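Accompanying notes for the structure given below.
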């Protein structure tokens, strides 16, 4: 009986730009170093077992999460739930194919290119073309000697599905996909840029209100929250609570409140109103409006005036955006 042909790889190319991929930024901001470590762990499982993909449905999903957890086992180990959430985030950012992830498959064009290049000299490679992402043209650019390429061409001929002008079809498809990606990228960049500008302006006010500096990482976090739909009124309410508590580290305290809001889905003024305890709803007439929020800080009246001004500016921006949208439809 012949030996079972090898499917996986013994090693894989660790691209020097792997951890600098822009797609990793959001998972890294949300989960820190765990995003990078879990990404690498998944690549190890992917290349080691199947070579270019990981089955991720049912019991196989639990097994993958267990394997990743075992790799992370030690002083700084994390929960299975967190591992699963990180994997979902990696797929959501298209580090792995979103379409195939929804079909319980973890794979990517990067992984399949690496597998294709590593198996060029093999005489046998078992590939499921239903989940194969590389086109004939892309494979030929890497190498025309691969048994995978020959199987791909033979399969197309045998099924009668290989068009005569396949290269033209591939180029046309890739062109449409490229234009779609460029449009989405431009829209995302515009939204992100607007969020960063609003975060910068808001951070300057927050620094004055809580009496301490807000670092670059916190500014990025504020921009991400704004992009996710958190209103400036909610952020200002968090800063008001921070001022009332006089914490030793105001910026860290403010950040904790905002993280709690995000976790609980509190993004708008209406969300705040719905979740605020009755004891927090104090008649403004009962407050000492000239009392400073913290020693040397602004008074309650100044604070609330600034908060009202920010709300007015936010409303004006929304109205301006709405007017622009309507004008564009004419």
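Residue numbers (full-length UniProt numbering): 1 to 330. For each residue, glycine too, the CB sits at the ideal point set by N, CA and C. Just so it is clear, the structure is predicted and the values come from calculations on it, not from any experiment.
Proximity to residue i [Cα-Cα], best of the options
{"i": "residue 12", "options": "73, 52, 34, 21", "result": "52"}
{"i": "residue 108", "options": "301, 50, 98", "result": "98"}
{"i": "residue 88", "options": "137, 237, 213, 34", "result": "34"}
{"i": "residue 207", "options": "111, 249, 125, 272", "result": "249"}
{"i": "residue 152", "options": "127, 76, 143, 94", "result": "127"}
{"i": "residue 82", "options": "275, 56, 247, 32", "result": "32"}
{"i": "residue 20", "options": "7, 95, 62", "result": "95"}
{"i": "residue 268", "options": "304, 209, 231", "result": "231"}
{"i": "residue 104", "options": "74, 73, 64, 143", "result": "64"}
{"i": "residue 252", "options": "234, 110, 233, 215", "result": "215"}
{"i": "residue 198", "options": "246, 219, 212, 238", "result": "219"}
{"i": "residue 211", "options": "316, 200, 243", "result": "243"}
{"i": "residue 85", "options": "70, 61, 100", "result": "61"}
{"i": "residue 157", "options": "136, 140, 144, 145", "result": "136"}
{"i": "residue 14", "options": "44, 122, 56, 305", "result": "44"}
{"i": "residue 118", "options": "237, 6, 309", "result": "6"}
{"i": "residue 122", "options": "76, 143, 260", "result": "143"}
{"i": "residue 106", "options": "50, 120, 228", "result": "50"}
{"i": "residue 312", "options": "233, 79, 213, 71", "result": "233"}
{"i": "residue 224", "options": "73, 259, 270, 131", "result": "259"}
Residue range of the unbroken alpha helix (DSSP H) whose run includes residue i
{"i": "residue 80", "result": "80 to 92"}
{"i": "residue 271", "result": "269 to 275"}
{"i": "residue 237", "result": "232 to 245"}
{"i": "residue 117", "result": "109 to 118"}
{"i": "residue 141", "result": "136 to 142"}
{"i": "residue 121", "result": "Segment: none, residue 121 is in no alpha helix (DSSP H) and carries neither H nor E."}
{"i": "residue 26", "result": "25 to 31"}
{"i": "residue 260", "result": "250 to 264"}
{"i": "residue 75", "result": "Taken as a continuous stretch (DSSP letters only), residue 75 belongs to no alpha helix (DSSP H), as it is neither H nor E."}
Residue i, DSSP secondary structure in three states
{"i": "residue 106", "result": "strand"}
{"i": "residue 9", "result": "coil"}
{"i": "residue 39", "result": "helix"}
{"i": "residue 128", "result": "coil"}
{"i": "residue 18", "result": "helix"}
{"i": "residue 95", "result": "coil"}
{"i": "residue 148", "result": "helix"}
{"i": "residue 213", "result": "coil"}
{"i": "residue 133", "result": "coil"}
{"i": "residue 228", "result": "coil"}
{"i": "residue 63", "result": "helix"}
{"i": "residue 313", "result": "helix"}
Opposing strand residues paired with residue i [DSSP bridges]
{"i": "residue 55", "result": "105"}
Cβ separation of residue i and residue j, assumed to be a contact under 8 Å, to the nearest whole Å
{"i": "residue 115", "j": "residue 147", "result": "Rounded, the Cβ-Cβ distance is 12 Å, inconsistent with contact."}
{"i": "residue 226", "j": "residue 241", "result": "In fact, because the Cβ distance is near 19 Å, the residues do not count as touching under 8 Å."}
{"i": "residue 134", "j": "residue 150", "result": "So it is not a contact: roughly 14 Å between Cβ atoms."}
{"i": "residue 93", "j": "residue 26", "result": "5 Å"}
{"i": "residue 39", "j": "residue 90", "result": "6 Å"}
{"i": "residue 47", "j": "residue 9", "result": "4 Å"}
{"i": "residue 29", "j": "residue 221", "result": "7 Å"}
{"i": "residue 110", "j": "residue 129", "result": "About 18 Å separates the two Cβ atoms, so there is no contact after all."}
{"i": "residue 68", "j": "residue 42", "result": "7 Å"}
{"i": "residue 237", "j": "residue 272", "result": "6 Å"}
Cβ of residue i within 8 Å of any chain C Cβ
{"i": "residue 239", "result": "Absence of chain C from the displayed structure is noted, only one protein chain being present."}
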